[in-house]
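Trainee: At position 144 of the sequence shown (counting the first as 1) the number is 147 in this note's numbering, and the numbers step up by one without a gap. Questions regarding the structure given below will be posed in turn.
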Amino acid sequence: MKVLKKELQEDISVKLIKGGTYKIKGYYLENSLLPDIRGASSIITGVQEEIIPEYLKEKIGFDCVLYNGGGNLFAIVPDNCENTLPIELEKVAQDYLVTANSAYSISDSIKISQLFGENYKSITFGLENELNERKKSKIINNTAPLTSFNNYHIFDCDVNAEKLDKADEYCEHCKNRLAYYKKNGEFICGGCLHKISVNYEQKRSYYNEYINFIRKRGSNMELKMCNSFVDVDKDYIAVVYADGNNMGGIIQTINKVNEMMDFSAFVKEKMPEIVYGSLYDREIKNVVFTALGGDDIFIIVPAKKSLRLAEKL
């Protein structure tokens, strides 16, 4: 933010960008296949926290994101940015997400003193309304989705699949979209293809973070890399889903953009610590991490320990 800090010395004109992925649960719960669910979570996180910020940085010339988390990105861009920038961001996100919904909106020009003054709420209120209207107008064609990344790498994973000349079969994963690809003998659509391609990296990432958390506490507790629900527990498993209570109410009390930046960073940092700490305290060794982003928690654990885990969380 060095360039931005220099510009703050003058009351320059800027524009604001707000947006992200929405209807997230519908995206990663399109089916009950574990690799697809975990892959969907990984793509959403990667697009929101890496792909879009990097695209903006290359276009603007400096890090312009003020806060980013829980599916919401808020950025400050130069006044000369075209009003078509939100459409560009939506197209970038769509390349990776394929079948998920993303929407962005850009504000009119404002003085930077307004943003960092007491008018933060009134400025963002109008932008939020525009974003909601944009979401209502979005239509995604999910009939036979294609990927522009066939035989390329995304998230350090090779999508690599056979491209079919025509789609005569339905996707064997989501069951409701036509499949233009064949991978490992399965007919699969472009959206599900991306999900299964990034699944492994996400699984390994959460596993390593949990291991590191345990080791920092001086424990030698061994974890099990769960490749299926049976690995979690051979009898009964439980889905633990959590959503931060009254987050919207807390945000409503924030009147300055720097306070919002601090709050967003705090939640992003603390949520994984809360999850790993609760699992460790309940001595849960077999766990499937599906999503840990913003104030959302989605994990699968042995049923017999789930209630005590939920209590701890």
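Built from N, CA and C at the ideal position, the CB exists for glycine as well. Bear in mind that the values here come from a model prediction, so they are computed numbers and not experimental data.
Output the boundary residues of the beta strand (DSSP E) element that contains residue 38.
Mentor: Residue mapping note: residue 38 aligns to position 35 of the sequence shown, counting from 1. Careful: residue 38 lies outside any beta strand (DSSP E), inside the alpha helix (DSSP H) at 37-49.
Trainee: Would the segment 230-241 count as touching the segment 185-193 if we require 3 or more Cβ pairs under 8 Å?
Mentor: no
Trainee: Mark residue 308 as exposed unless 16 or more other C-beta atoms lie within 10 angstroms of its C-beta, in which case mark it buried.
Mentor: For the purposes of this step, residue 308 is taken as the residue at position 305 of the sequence shown. Under this definition residue 308 is a buried residue.
Trainee: Looking only at its own chain, which residues have a Cβ that is under 6 Å from the Cβ of residue 5, when we skip the five neighbours before and after it?
Mentor: One-based indexing of the sequence shown puts residue 5 at position 2. Interpretation of residue 5 is limited by its pLDDT of 49, a score under 50 that renders its predicted location unreliable; no figure is taken from the coordinates.
Trainee: To the nearest angstrom, report how far apart residue 36 and residue 198 are at their CA atoms.
Mentor: Start at 1 with the first residue of the sequence shown, and residue 36 comes out as number 33. Start at 1 with the first residue of the sequence shown, and residue 198 comes out as number 195. Straight across, the Cα-Cα distance linking residue 36 with residue 198 is about 10 Å.
Trainee: Where do the ends of the alpha helix (DSSP H) carrying residue 268 lie?
Mentor: What you label residue 268 is simply residue 265 of the sequence shown in a count that begins at 1. From DSSP, the alpha helix (DSSP H) with residue 268 extends over 260-284.
Trainee: Between 142, 210, 52, 145, which lies nearest to residue 271 when the distance is taken from Cα to Cα?
Mentor: For the purposes of this step, residue 271 is identified with residue 268 of the sequence shown, where counting begins at 1. Residue 271 has its Cα closest to that of 52, out of 142, 210, 52, 145.
Trainee: For residue 202, does the count of other Cβ atoms within 10 angstroms reach 16, so buried, or fall short, so exposed?
Mentor: By one-based count along the sequence shown, residue 202 stands at place 199. Classification of residue 202: buried, given that the 10 Å Cβ count is 16 or more.
Trainee: Entirely within the segment 182-244 and at least 4 residues each: give me those alpha helix (DSSP H) ranges in chain order.
Mentor: 193-219, 232-235
Trainee: Run the CB neighbour count on residue 32, radius 10 Å, all protein chains shown included, and call it buried at 16 or more, exposed below.
Mentor: As a working mapping, residue 32 is identified with position 29 in the sequence shown. When all chains shown are included, residue 32 counts as exposed.
Trainee: Drop a sphere of 10 angstroms on the beta-carbon of residue 293, count the other beta-carbons inside from all chains shown, and report buried for 16 or more, exposed for fewer.
Mentor: By 1-based counting over the sequence shown, the position of residue 293 is 290. Label assigned to residue 293: buried.
Trainee: Which residue from 110, 93, 193 puts its Cα closest to that of residue 43?
Mentor: As a first step, residue 43 must be located in the sequence shown, where it is residue number 40. Checking every option, the nearest Cα to that of residue 43 belongs to 193.
Trainee: How far does the alpha helix (DSSP H) with residue 313 in it extend, from its first residue to its last?
Mentor: Residue mapping note: residue 313 aligns to position 310 of the sequence shown, counting from 1. Residues 309-315.
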